[in-house]
Ligand code: SAM
Ligand code: FES
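Residue numbers (UniProt numbering): 1 to 348.
Below, the structure written as structure tokens:
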């Protein structure tokens with residue numbers, strides 16, 4: 001099995017069968033072997049640096065109905081909110097003083113924010129903070145919309161493909177959503193020139209090792225600049241409320257595989273990982289991740305953006321989160337840096 005890891009390190013890819021074998025054959029010893037390699041590669045490109053992104057969850061309205069997601073339109077048990085442009089700019093202001101140089105605007109698919117409003121938001125942030133990057137995570141939009149946001153100044157876009165298997169995709173989403181369109185959106189974003197992030201949930205209902213292998217193969221084909229993976233965690237008001245959600249170890253293993261496959265990729269240790277394990281984000285960094293995305297949303301809306309149960313940091317001020325992360329990273333010998341944290345192409 002170690003030979004498979006060596007092969008992955010050398011060729012940056014395995015066959016589907018190879019990935020399946022590696023995932024099924026996971027042992028503590030193999031994990032150790034893999035982590036030593038992933039940490040070394042991380043060190044080569046990013047040393048002990050940890051990039052931070054200020055996450056602003058600006059709306060929890062969503063027109064979609066993904067079976068796993070707490071803000072899906074059918075959930076009548078949440079109180080919905082939208083942030084104004086002024087509130088978003090205020091969050092950026094707070095973030096800037098705390099050392100954030102990337103702002104991530106994330107939300108449900110909410111058409112109240114039409115293209116003009118989004119462009120205006122992006123443009124205003126870039127005008128006010130020219131040394132900062134703006135990342136958008138607004139779901140599936142047309143080529144024309146993506147282009148207009150890019151022209152307004154957006155630098156990066158996050159859109160997880162969620163699962164690269166057609167059959168599995170149908171088990172997680174209602175029929176109005178299609179994997180084909182999701183993938184097309186990612187290719188469009190790439191073509192426009194964004195730094196693109198994709199990803200998937202680990203341990204989502206019905207997921208098989210073959211599905212995970214498909215995810216890795218799709219990611220290899222797309223060659224994204226960022227990959228966001230985190231454990232699936234059930235939300236009490238969704239059809240998946242009773243599903244299992246304990247996949248921290250597998251998430252760490254996959255983070256390390258991704259580091260070998262895409263050596264200089266931007267790889268977050270996600271909030272979901274920190275939710276199922278109190279030291280999840282530290283473990284993620286030690287497995288090869290190099291990004292964390294603390295919450296910058298105003299504190300009064302934090303509890304309302306619950307994609308899954310027991311989400312961490314919903315009661316903390318942005319400054320507390322920032323301080324806490326600094327301490328956590330220092331405790332494992334890493335440090336948060338104050339810069340945009342752009343992708344480094346291989347060889348640099
Ligand atoms: N609407 C945008 C989109 O679809 O890309 C961005 C917001 S969406 C809520 C952000 C991500 O949350 C999704 O890509 C999904 O992977 C993740 N997510 C949703 N429900 C989750 C759950 N129950 N457990 C873990 N992650 C979840
Ligand atoms: Fe909003 Fe899936 S429920 S994008």
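Glycine is no exception: its CB is placed at the ideal position from the N, C-alpha and C atoms.
Note that the structure is a prediction, hence the values are computed from the model and not measured.
Let me make sure I understand the geometry here. Which of 141, 271, 16 and 1 has the alpha-carbon closest to that of residue 314? 271
Taking only runs that begin and end inside the stretch 170–252, name each unbroken beta strand (DSSP E) of 3 or more residues, in chain order. For secondary structure counted as the beta strand (DSSP E) over 3 or more consecutive residues, the stretch 170–252 holds these complete runs in sequence order: 195–202 and 226–231.
Coarse secondary structure for residue 59, derived from DSSP in three states: strand
Give me, in chain order, the residues of the same chain whose beta-carbon lies closer than 8 angstroms to that of residue 90; leave out the 5 immediate sequence neighbours on both sides. 298
Paired residues, beta bridge with residue 343 - DSSP: Beta-bridge annotation (DSSP): residue 343 is not paired with any residue.
Which ranges would you report for the alpha helix (DSSP H) in the stretch 83–131 if only whole runs of at least 4 residues count? 85–97 and 115–128
Kindly examine the ligand FES and report whether one of its heavy atoms sits closer than 6 angstroms to the Cβ of residue 77. no
Residue 49 in three-state terms, based on DSSP: strand
Proximity to residue 276 [Cα-Cα], best of 241, 287 and 232: 232
In whole angstroms, what separates the C-alpha of residue 274 from that of residue 174? For residue 274 and residue 174, the gap between their C-alpha atoms comes out near 29 angstroms.
Assess contact between the stretch 107–120 and the stretch 316–328, defined as three or more Cβ pairs (one per stretch) separated by less than 8 angstroms. Is contact present? no
Beta-carbon proximity check, residue 168 vs residue 211, cutoff 7 angstroms: yes
State the DSSP-derived secondary structure class of residue 11, mapped to helix, strand or coil. helix
Report whether the distance from the Cβ of residue 66 to the nearest heavy atom of the ligand FES is below 6 angstroms. Under cutoff, so the answer is yes.
Quick one: using the 10 Å Cβ neighbour count with 16 as the cut-off for buried, is residue 207 buried or exposed? Buried, since its Cβ has 16 or more Cβ neighbours within 10 Å.
Beta carbon of residue 255, beta carbon of residue 289: below 7 angstroms? Going by C-beta atoms, residue 255 is nearer than 7 angstroms to residue 289.
Beta-carbon separation (whole angstroms), residue 228 vs residue 248, contact threshold 8 angstroms: With a Cβ gap of about 16 angstroms, residue 228 and residue 248 do not count as contacting.
Based on Cα-Cα distance, which residue from 264, 161 and 260 lies nearest to residue 38? 260
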